[in-house]
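Below you'll find the structure, written out as structure tokens, and then a few comments.
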Amino acid sequence: MRFIALDVHRDFCEVAISEDGSIRGHPRIPTDVEHLQAFAQSLAPEDHVCLEVTGNALAIVRILEPFVERVVLANAKAVRAITSAKVKTDKIDARTLVRL
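This note's numbering applies: residue 12 is where the sequence shown begins, and numbers increase by one.
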């Protein structure tokens with residue numbers, strides 16, 4: 012089972028994947044339907060995905076849900092590990108989210 016986190020933006024998603032205790036990055040995914048569907052098809056049925064609540068989060072959830080075991084929405088303002096970070100980048104946010 013893998014845990015996958017998406018730091019969602021208007022034009023792209025930064026992705027981090029946790030598998031067997033190690034965290035690795037993944038190339039950014041453009042947030043258009045074609046790229047998100049291709050990403051969703053690369054996921055395994057036992058994967059768990061977490062993404063931040065944004066304006067386009069529900070559309071992304073609808074694309075991912077049929078391909079994975081579970082999709083969870085996280086309120087970034089309530090996720091203390093992200094909001095209190097001294098150094099914030101999209102890659103760091105995605106890796107922090109996948110650890111949670």
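We put the beta carbon where it would ideally sit given N, CA and C, even for glycine.
Length of the line joining the Cα atoms of residue i and residue j
i	j	result
residue 60	residue 82	5 Å
residue 77	residue 42	17 Å
residue 54	residue 79	7 Å
residue 35	residue 29	7 Å
residue 75	residue 65	15 Å
residue 19	residue 84	11 Å
residue 73	residue 51	10 Å
Rounded Cβ spacing between residue i and residue j (contact assumed at less than 8 Å)
i	j	result
residue 39	residue 23	5 Å
residue 47	residue 15	Rounded, the Cβ-Cβ distance is 13 Å, inconsistent with contact.
residue 17	residue 69	With 8 Å as the limit, residue 17 and residue 69 do not qualify as a contact, their Cβ atoms being about 13 Å apart.
residue 21	residue 67	7 Å
For residue i, the residue or residues it bridges with in DSSP
i	result
residue 29	14, 34
residue 23	41
residue 85	63
Residue i, buried or exposed, once every other Cβ within 10 Å from all chains shown has been counted against 16
i	result
residue 31	exposed
residue 57	exposed
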